[in-house]
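Undergrad:
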Amino acid sequence: MRLEEKFKKLKQEKKKAFISYVPFGFPEINMTGDICLTLQEAGVDAIELGIPFSDPLADGPIIQKATNWALDKGANVDLFFEEFSKFNKKLKIPIVIMSYYNPILQFGLKNFFKQMKSLDISAIIIVDLPLEESQPYIKEARKWNIDNISFITPTTSRLRVKKIIKYARGFIYYVSVTGITGPRDLSYSQLSKHIKNIKQNTEVPICVGFGIHNSNQVYRINKFSDGVIVGSEIVRFIENNYCEKNFLNKLKTHTKNIISR
Amino acid sequence: MKIPNDKGYYGEFGGKFIPETLSACLEELEIAYAKAKKNKNFVNDVNFYLKEYAGRPTLLYSAKNLSKVLGLNIYLKREDLLHTGAHKINNALGQVFLAKFMGKKRIIAETGAGQHGVAVATVSSLLGFKCDIYMGAEDVKRQSMNVFRMKILGANVIPVVTGAKTLKDACNEAFRDWVTNVRDSYYLLGSVVGPHPYPMMVRDFQAVIGKESRTQILKKEKKLPDYLVACVGGGSNAMGLFHFFFNDTRVKFIGVEAAGFGLNSLNSASLSIGKPGVFQGANSYILQDKYGQIKNAHSIAPGLDYPGVGPEHSFYKKIKRAQYVSVNDKQAVAGFNLLSKTEGIIPALESAHAIGYLKELAKKQKNSLVVVCLSGRGDKDLDIVRNYNGIKL
Ligand SMILES: Cc1ncc(COP(=O)(O)O)c(C=O)c1O
Chain A
88 MRLEEKFKKL KQEKKKAFIS YVPFGFPEIN MTGDICLTLQ EAGVDAIELG IPFSDPLADG
148 PIIQKATNWA LDKGANVDLF FEEFSKFNKK LKIPIVIMSY YNPILQFGLK NFFKQMKSLD
208 ISAIIIVDLP LEESQPYIKE ARKWNIDNIS FITPTTSRLR VKKIIKYARG FIYYVSVTGI
268 TGPRDLSYSQ LSKHIKNIKQ NTEVPICVGF GIHNSNQVYR INKFSDGVIV GSEIVRFIEN
328 NYCEKNFLNK LKTHTKNIIS R
Chain B
115 MKIPNDKGYY GEFGGKFIPE TLSACLEELE IAYAKAKKNK NFVNDVNFYL KEYAGRPTLL
175 YSAKNLSKVL GLNIYLKRED LLHTGAHKIN NALGQVFLAK FMGKKRIIAE TGAGQHGVAV
235 ATVSSLLGFK CDIYMGAEDV KRQSMNVFRM KILGANVIPV VTGAKTLKDA CNEAFRDWVT
295 NVRDSYYLLG SVVGPHPYPM MVRDFQAVIG KESRTQILKK EKKLPDYLVA CVGGGSNAMG
355 LFHFFFNDTR VKFIGVEAAG FGLNSLNSAS LSIGKPGVFQ GANSYILQDK YGQIKNAHSI
415 APGLDYPGVG PEHSFYKKIK RAQYVSVNDK QAVAGFNLLS KTEGIIPALE SAHAIGYLKE
475 LAKKQKNSLV VVCLSGRGDK DLDIVRNYNG IKL
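Those protein sequence lines, which keep their order, are chains A and B.
The numbering of the first sequence is the working numbering, which starts it at 88 and goes up by one.
The numbering of the second sequence is the working numbering, which starts it at 115 and goes up by one.
1. With respect to the alpha helix (DSSP H) encompassing M249/B, which residues constitute its N-terminal and C-terminal limits?
2. So with CB distances below 8 Å, who are the chain B contacts of F334/A?
3. Mind checking who Y260/A pairs with in its DSSP beta bridge?
4. Give me the DSSP bridge partner(s) of M185/A.
5. Does the region 199-214 of chain B come close enough to the region 290-303 of chain B that 3 or more CB-CB pairs lie under 8 Å?
6. State the Cα-Cα distance for the pair Q407/B and I267/A, rounded to the nearest angstrom.
7. With 8 Å as the limit, tell me which residues of the region 192-220 of chain A have their beta carbon closer than that to any beta carbon of chain B; keep them in chain order.
8. Taking only heavy atoms of ligand 1 into account, decide whether any of them is closer than 7 Å to the Cβ of N83/B.
9. Is the beta carbon of Y224/A sitting closer than 8 Å to the one on N235/A?
10. Can the beta-carbon of A210/A be found less than 8 Å from the beta-carbon of V248/A?
11. Mapping the DSSP letters down to three states, classify P83/B as helix, strand or coil.
12. I need the DSSP call for E220/A, collapsed to helix, strand or coil.
13. Reducing DSSP to helix, strand and coil, say where C330/A ends up.
14. Which residues bound the beta strand (DSSP E) around I222/B?
15. Please name the residue, chosen from Y187/A, I293/A, L218/A and D313/A, that lies closest to Y254/A on a Cα-to-Cα basis.
16. With 8 Å set as the bound, which would you pick, yes or no: does the beta-carbon of N117/A sit closer than that to a beta-carbon of chain B?
17. What does DSSP give as the partner residues of L342/B in its beta bridges?
18. Is the region 382-391 of chain B touching the region 219-234 of chain B, taking contact as three or more C-beta pairs under 8 Å?
19. At a CB-CB cut-off below 7 Å, which residues of chain A make contact with I408/B?
20. When the Cα atoms are used, what is the spatial distance from A288/B to N117/A?
21. Identify the contact partners of S244/A in chain B, using a Cβ-Cβ distance below 7 Å as the criterion.
22. Does V392/B come within less than 8 Å of chain A when only Cβ atoms are used?
23. With hydrogens ignored, establish whether the beta-carbon of S305/B is closer than 7 Å to any heavy atom of ligand 1.
24. Note down, in chain order, every chain A residue with its Cβ under 9 Å from the Cβ of E426/B.
25. When DSSP builds the beta bridges, which residues end up paired with L240/B?
26. How many angstroms separate the CA atom of A150/B from the CA atom of L212/B?
27. Looking at S428/B: is its Cβ nearer than 8 Å to the Cβ of P461/B?
28. Thinking S511/B and E193/B are a contact (beta carbons under 8 Å), I'd like their distance in whole angstroms, please.
29. Is there contact between the region 92-110 of chain A and the region 310-329 of chain A, where contact requires at least three CB pairs shorter than 8 Å?
30. Between the region 325-332 of chain B and the region 431-442 of chain B, can you find at least three pairs of beta-carbon atoms closer than 8 Å?
31. Excluding five sequence neighbours on each side, which residues of the same chain lie with their C-beta closer than 8 Å to the C-beta of A138/B?
32. Consider the Cβ of T280/B: report whether some Cβ of chain A lies at a distance smaller than 8 Å.
33. So, is T329/B buried or exposed, given that buried needs 16 or more other C-beta atoms within 10 angstroms?
34. With 16 as the cutoff for other CB atoms within 10 Å, does Y275/A come out buried or exposed?
35. Mind listing the chain B neighbours of A145/A? Cutoff is C-beta to C-beta under 7 Å, in chain order.
36. Using a 10 Å radius around the Cβ and a threshold of 16 neighbouring Cβ atoms, would you call N336/A buried or exposed?
Here's what the structure looks like:
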């Protein structure tokens, strides 16, 4: 399913999107499938699947540790596509790839999008590719009808926001804090103000990510956003519980609790 | 041709590959730097402190004994004689005055050998900035004297335990701190690496090395050198030496990378055996596996122990303006010993790579006139060399 369709449906149902991030290959290469399917069962609306990179500049300790772990387990782009093809048919929700630029660049932009397309993945987020460097990437993404998801942050100027939304597809990833991923307290009034400003200029849905780690935050943010992205909290839960019996059930319950609709 | 262009590109290399949060501050930095360059007070402050505080101009010393042993005519650009003991202070002074010009409150930096860290701690205490320095836990161990120096100077040294616990990891942490504290903090990057405008700014602040060298060698030898030789970690002392000679096309540039345990083993020779890719803000040569993951580097010289290199060096390689060679740990230590024994000058292990290459150069072209950047002094490395040589006191 494409993001556009998903957001349309959510709008009709008067619901907000709950998107969760998990890194591929964590805690084991062959667990990613089960984890994704469990998140789907728990009711998440889309999954951001991270392709690990050795030097994740924008990530805090929880995701750093998980992605390094995945790399130690042998995670790489080839293996990602290979594994993903084993469970993609069972996924009914949109999948978004999230990574840093170099692994994708080395694989080749064209090849990468081609693989995505063949596996029905229709959106991508690249953390270290700001608008200025995006032109070749956006051009190629358009050819393959892949949504390139853009970031807007508290430090993005109004002028820049205007430029960014011109190219935005899928949804806009609003970064809740100036900082890296990981649990945080959030200032809702600031957030709401920024997001209302952006909304005046675009129809593209805006989801808020970074720092969100409990259902109360989800509830508060959804009052002014089109959805939330939760990463570190789920990754942390996986790390602490994956050895337990009934891990997948526990993950499902925990995720449901954060979604709490 | 303007290098870099407005987008911070050196040919196909360079750019600004950073999370969106940093876009605004890089833009702010770019604008502030352009303004500061035209601001009399800023320029005067930097020049005054380079001279009166750091000790510029540095000497261009005719190393007669070393020349005789190797069969070359060697001059050493004595950056090791600067206050704090390395070329890093040139850049630290320039940028700390920029931080002041921008009204920032706090300085963040990364350091490998600790030379940049010491330089930053020094200028921070000079101008009264709060200062946090990230240093790989491995480097904290091998350069403990510099850690102690930074602490005495009032800096907060934060050991980094991620990755290989060396320079690249310290750099990541410094970036993460900056992303989090962009509004009041200034990231004082230590080499010609990272996103635009850093490679350009650091080059400009280090270009004084080549500017002085050119005047000095013309005065002493009445001609330009045949070769410029400098070690390349991120590449700031090398670019600093090369930059002013760019249009002197008969002057050949040689950048010496660290071959570490060897080119088939762990090393830091990004230009020699790496491939272009995007890492820590720029497109440049990097050590990476076929999946685009950055490899761990190794060098006996902590300041060279880095899997990337400045984009302008990648450009120089591409247009063949410079040649990049490599020297392994053993050859570097040999260079260290050679300079100490022949000239009574103990070089930093980083600079010892440049010295270590001279033997090769002599084979290529006897008696040529060579300017070598002696980027730093070796006090910080005595423990490493003692362990390497197995010397008992
Ligand atoms: C004395 C000395 N030389 C050289 C270097 C390498 O840096 P660059 O290549 O930027 O000159 C360092 C870095 O710490 C250093 O301390």
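Backbone N, C-alpha and C define an ideal beta-carbon position, used for all residues, glycine too.
TA: Taking the coordinates as given:
1. Run containing M249/B: none in the alpha helix (DSSP H); it sits in the beta strand (DSSP E), K244 to G250.
2. Residues of chain B whose Cβ lies closer than 8 Å to the Cβ of F334/A do not exist; the shortest such Cβ separation is about 26 Å.
3. Beta-bridge annotation (DSSP): Y260/A is paired with F238/A and C294/A.
4. Beta-bridge pairing links M185/A to G137/A and I212/A.
5. Yes, since at least three Cβ pairs between the region 290-303 of chain B and the region 199-214 of chain B fall closer than 8 Å, the two stretches touch.
6. Just so you know, the alpha carbons of Q407/B and I267/A end up roughly 20 Å apart.
7. So the list reads L192, Q193, F194, V214, D215, L216, P217, L218, E219 and E220, given in the order they occur along the chain.
8. The structure shown does not extend to residue 83/B, since chain B is modelled only from 115 through 507, so no value can be given for it.
9. Their beta carbons are under 8 Å apart, which means Y224/A touches N235/A by this criterion.
10. Not closer than 8 Å, so no.
11. Since the displayed chain B opens at 115 and closes at 507, residue 83/B lies outside it and no answer follows.
12. Under the three-state reduction of DSSP, E220/A is assigned to helix.
13. Note: C330/A maps to coil in three-state DSSP.
14. Unbroken beta strand (DSSP E) run through I222/B: R220 to T225.
15. Nearest neighbour of Y254/A by Cα position, chosen from Y187/A, I293/A, L218/A and D313/A, turns out to be L218/A.
16. For N117/A, the closest Cβ of chain B is not nearer than 8 Å.
17. Answer is F367/B and V485/B, bridged to L342/B.
18. Pairwise C-beta distances place the region 382-391 of chain B out of contact with the region 219-234 of chain B, as fewer than three of them are shorter than 8 Å.
19. The contacting residues are S141 and D142.
20. Between A288/B and N117/A, the C-alpha separation is close to 34 Å.
21. Within 7 Å Cβ-Cβ: A138.
22. Yes, V392/B counts as interfacial toward chain A.
23. Yes, ligand 1 has a heavy atom inside 7 Å of this Cβ.
24. Ordered by position in chain A, no residue passes the 9 Å Cβ test against E426/B, which lies about 18 Å from the chain.
25. According to DSSP, L240/B shares a beta bridge with no other residue.
26. Each residue's alpha carbon lies about 7 Å from the other.
27. No; because the gap between Cβ atoms is not below 8 Å, this pair is not in contact.
28. Because chain B is modelled from 115 through 507, residue 511/B falls outside the range shown and cannot be assessed.
29. The region 310-329 of chain A and the region 92-110 of chain A touch, with three or more beta-carbon pairs separated by less than 8 Å.
30. Short answer: they don't touch.
31. Only V296 meet the Cβ criterion.
32. No, T280/B lies away from the interface with chain A (no Cβ there is under 8 Å from its Cβ).
33. T329/B is exposed by the Cβ-count criterion.
34. By the Cβ neighbour-count rule, Y275/A is exposed, with fewer than 16 other Cβ atoms within 10 Å of its own.
35. Under the 7 Å cutoff, chain B gives P133 and V293.
36. Its Cβ having fewer than 16 others within 10 Å, N336/A is exposed.
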